[in-house]
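Position 58, counted from 1, in the sequence shown is what the UniProt record's numbering calls 58; the numbers after and before it change by one each time, with no gaps.
Here a beta-carbon is modelled for each residue, glycine too, at the ideal position from N, C-alpha and C.
Quick caveat: nothing in here was measured; it's all calculated off a predicted structure.
Accompanying notes for the structure given below.
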Amino acid sequence: MSAGLVLDHSAPLSARPLGATFGAELSGLRIAGDLPQAEVDAFLAALHRHGVVLLRGVPEDPGAQVAFSKRLGPLERHSSTAHTHPAHPEIFCVGNYEAPGGPKAHFATGVEQWHADSSFRPVPSRASLFYGAIVPPEGGETWFLDAVTAWAEMPPALQARIEGRRGVHDLNTLSEWNRRHTPGRPPLSAEARRQFPPVAQPLVRRHPVTGRRSLFVCPAVISHIEGMSAEDSHALIEEVMRHATQERYLYRHRWQAGDLVAWDNLATLHTATLFDHTRHVRLMFRTTVAGEA
Numbered sequence: 001m002s003a004g005l006v007l008d009h010s011a012p013l014s015a016r017p018l019g020a021t022f023g024a025e026l027s028g029l030r031i032a033g034d035l036p037q038a039e040v041d042a043f044l045a046a047l048h049r050h051g052v053v054l055l056r057g058v059p060e061d062p063g064a065q066v067a068f069s070k071r072l073g074p075l076e077r078h079s080s081t082a083h084t085h086p087a088h089p090e091i092f093c094v095g096n097y098e099a100p101g102g103p104k105a106h107f108a109t110g111v112e113q114w115h116a117d118s119s120f121r122p123v124p125s126r127a128s129l130f131y132g133a134i135v136p137p138e139g140g141e142t143w144f145l146d147a148v149t150a151w152a153e154m155p156p157a158l159q160a161r162i163e164g165r166r167g168v169h170d171l172n173t174l175s176e177w178n179r180r181h182t183p184g185r186p187p188l189s190a191e192a193r194r195q196f197p198p199v200a201q202p203l204v205r206r207h208p209v210t211g212r213r214s215l216f217v218c219p220a221v222i223s224h225i226e227g228m229s230a231e232d233s234h235a236l237i238e239e240v241m242r243h244a245t246q247e248r249y250l251y252r253h254r255w256q257a258g259d260l261v262a263w264d265n266l267a268t269l270h271t272a273t274l275f276d277h278t279r280h281v282r283l284m285f286r287t288t289v290a291g292e293a
C-alpha cells in the first residue's frame, strides 16, 4: 500500500490500508467542482492499485457525484429505472428510503451473494461509486473480496479446473434467486429478459489496465458453466468461493454517513449485508462507470 500518490505540488493524496491485501482510505481529495485532470488521474491510479478506495466526510451532493463519476468514463444506466434518482437518472438508489417526490430506493429483504456489478451485460461495468447518504447505526455493511489475490493464491489444481472456462451470466437467474429470498418480489419482466439475454463470461479475466488476472465468479447470476451440468457447475463454483472467501481476501466496510466508496469491478467482488429495516433507514447513491469492449 502506497502513501505517496501525488496530485500536484500542493495537494498530496495519501492512502491508508484498509484490508490485508487490498483497499485504501484516501485523503487529500475532493470530488466537487472543476477538478484538475491530474486529480482525476490520481484517483483512477489509486483505484487500480488498491481495488477499493474510501473517501470519508464527502458532502451530500448527487450532482457532484454524477459529474465526478463521468470524469472516470461514460456512465451506465441501471436496469431498474423505478429506483433511479428523480433529478439524476445516472444514480441508482439503494436502501429502504422512500419519500414523496424524492428517491425511492431499491430494497430487498434477502441476503445478497458475491457479485460484480452488471456481470449480466455483454460488457460488464468498470467501476462503481457508492455514497452513504443515510446509514443505519448497525448492520448494512458492504463486504469486498480481493479477486486478484484470491486467484493468484488459488491452488494450481483448482486454477486448472476453471482456466479457460466461461460462466453463463443471466439476469433472470439472478431475479429468480432474489425471488426465492425476497417473498413477494415480482418476476423479471419479458422486456428485461429480451434486453438482457444470457451472456457467457470468463471465470478468470485479465484487467485491461493493470494486466492482472482475477476471478469473475458471481454465484447467484451464473446459471451454469459452459460444457457442464448446472449441478456440476454449482459444485465447482462453491469450491472456488470457499477458497476466495477466506478472511485474508476480505474487507468489511462499516458505513458512516458521508462515505464515498469506489471499487474496481474488474478486480473485486462485493456483497451487501442485512440491517434491521423495521427500525432503521438506509439510503445509498450508486453511480456506475460503464465497461469498454
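Check your understanding: Hey, which unbroken runs of the alpha helix (DSSP H) at 4 residues or more fall wholly within the segment 65 to 118?
Key -> With a minimum length of 4 residues, no continuous alpha helix (DSSP H) run stays inside the segment 65 to 118.
Review point. From G94 to A38, what does the alpha carbon distance come to, in whole angstroms?
Key: Here the sequence assigns Val to residue 94, which means Gly is not the residue at that position. Cα-Cα distance, rounded: 31 Å.
Exercise for review: Could you name the residues that DSSP lists as bridge partners for I134?
Suggested key: Beta-bridge pairing links I134 to L283.
**Study point:** Per DSSP, the bridge partner or partners of R206
**Key:** Partner(s): R213.
Point to revise | Option in I31, P17, L18 with minimal Cα separation from L260 | key: Here the closest residue by C-alpha is I31.
Review point. Quick one: is S80 buried, meaning 16 or more other Cβ sit within 10 Å of its Cβ, or exposed?
Key: S80 comes out exposed.
**Study point:** Sequence-distant residues of its chain with Cβ nearer than 6 Å to T109 (five each side left out)
**Key:** So the list reads T182, once near-sequence residues are dropped.
Practice item. Just tell me which of F43, G33, H115 has its CA closest to the CA of T271. Key: Minimum Cα distance to T271 is reached at H115.
Practice item. List the endpoints of the continuous beta strand (DSSP E) containing L145. Key: Its beta strand (DSSP E) spans residues 142 to 146.
Practice item. Rounded to whole angstroms, what's the CA-CA distance from S14 to S27? Just pull it up for me. Key: Near 5 Å, if we compare the C-alpha coordinates of S27 and S14.
Check your understanding: Under the rule that 16 or more other beta-carbon atoms within 10 Å means buried, what is T278, buried or exposed?
Key -> Under the 10 Å beta carbon count, T278 is surrounded by fewer than 16 other beta carbons and is classified as exposed.
**Study point:** V123 and G291 closer than 7 Å at C-beta
**Key:** With a cutoff of 7 Å on beta-carbon distance, V123 and G291 are scored as near each other.
**Study point:** Cβ distance (whole Å) where R166 is taken to contact Q201 below 8 Å
**Key:** Contact annotation, R166 with Q201: C-beta distance approximately 6 Å; criterion of less than 8 Å satisfied.
Review point. What's the C-alpha gap between A99 and F275?
Key: C-alpha separation (whole angstroms): 20 Å.
Review point. Under the DSSP definition of a beta bridge, which residues are partnered with R252?
Key: R252 pairs with W143.
**Study point:** Contact belief for L198 with D170 at Cβ below 8 Å, rounded distance in angstroms
**Key:** Per the sequence shown, the amino acid found at residue 198 is Pro instead of Leu. Between P198 and D170, the beta carbon gap of about 4 Å places them in contact (Cβ cut-off 8 Å).
**Study point:** Range of the contiguous beta strand (DSSP E) that encloses D232
**Key:** Looking at the DSSP string, D232 is not in any beta strand (DSSP E); the run it does join, the alpha helix (DSSP H), is 230 to 244.
Review point. Nearest to G51 by alpha carbon, out of G164, T149, R254, K70?
Key: Proximity to G51 across G164, T149, R254, K70 peaks at T149, based on C-alpha coordinates.
**Study point:** Start-to-end residues for the beta strand (DSSP E) that takes in A262
**Key:** For A262, the uninterrupted beta strand (DSSP E) run begins and ends at 260 to 264, by DSSP.
Exercise for review: Identify, in the order they occur along the chain, each residue of the same chain with its Cβ nearer than 6 Å to the Cβ of E60, setting aside the five sequence neighbours on each side.
Suggested key: The beta carbon of E60 lies closer than 6 Å to those of A133 in the same chain, with the five residues before and after it left out.
Review point. Cα separation between P86 and H234?
Key: One C-alpha to the other measures close to 39 Å.
Point to revise | Among A127, I237, V281, G227, nearest to P74 - alpha-carbon criterion | key: Ranking A127, I237, V281, G227 by Cα distance to P74 puts A127 first.
Review point. Within this structure, are the beta carbons of L215 and A244 separated by less than 7 Å?
Key: The Cβ atoms of L215 and A244 lie closer than 7 Å to each other.
Check your understanding: By DSSP, does L129 sit in helix, in strand, or in coil?
Key -> It is a strand residue.
Practice item. Reducing DSSP to helix, strand and coil, say where C24 ends up. Key: The identity of residue 24 in the sequence shown is Ala, whereas the question assumes Cys. In the three-state reduction of the DSSP assignment, A24 falls in the strand class, which pools E and B.
Check your understanding: Curious, which full-length alpha helix (DSSP H) runs of at least 4 residues does the segment 150 to 211 contain?
Key -> The segment 150 to 211 contains these whole alpha helix (DSSP H) runs: 156 to 162, 171 to 181, 190 to 195.
Exercise for review: Measure the C-alpha to C-alpha separation of E176 and R213 and round it to an integer number of angstroms.
Suggested key: Taking the Cα positions, E176 is about 30 Å away from R213.
Practice item. With distances taken Cα to Cα, identify the nearest neighbour of V168 among S223, R194, P103. Key: Nearest of S223, R194, P103 to V168, Cα basis: S223.
Check your understanding: So the alpha helix (DSSP H) H224 belongs to, where does it begin and stop?
Key -> Element bounds for H224: not the alpha helix (DSSP H) but the beta strand (DSSP E), 222 to 225.
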